[in-house]
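Trainee: Our numbering puts the first residue of the sequence shown at -5, with every later residue one more than the last.
Handing you this structure, nothing more for now.
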Amino acid sequence: MIILHVAVQVKPEHAAEFLEVLRYDAEHSETDEPGCLRFDVSQDCDDPCRLYYYEVYKDEAALAAHRDSRHFKYYAERTRNWLAAPPERRMGKNIIPSDGAWR
């Protein structure tokens, strides 16, 4: 199981558009990718332009399939100039719950 944590700082003038495109990517990731087990997005309590993603993939192949998907490429292309700074990414391996507890 691969866990991906991503933090992004969106330029305020693109916040609404960014959320629309991100919602499209997140929803299609969960519905169209069998290897994407979770794609959650949360918003910082103090800074509405700071967003956090919590993504869970079955394995490295599932993560690679996500990055090769049409919806991810659309997200990456549309939003590349809407960020105030490069995304902060951290990747980890699942510990709790056990891998079998995921859908």
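Beta carbons are placed, not taken as given, at the ideal position from N, Cα and C, and that holds for glycine.
Pick out the complete alpha helix (DSSP H) segments inside the stretch -2 to 75, 4 residues or longer, and give them in chain order.
Mentor: 9 to 26, 54 to 61, 64 to 73
Trainee: Could you give the first and the last residue of the continuous beta strand (DSSP E) run that contains GLY94?
Mentor: No beta strand (DSSP E) contains GLY94, which DSSP labels as neither H nor E.
Trainee: Name the residue from ARG44, VAL0, ALA10, ALA59 whose alpha carbon lies nearest to the alpha carbon of ASP26.
Mentor: ALA59
Trainee: Apart from the five residues just before and just after ASP93, which ones in its own chain have a Cβ nearer than 8 Å to its Cβ?
Mentor: MET(-5)
Trainee: Specify the secondary structure class of MET(-5) as computed by DSSP and reduced to three states.
Mentor: coil
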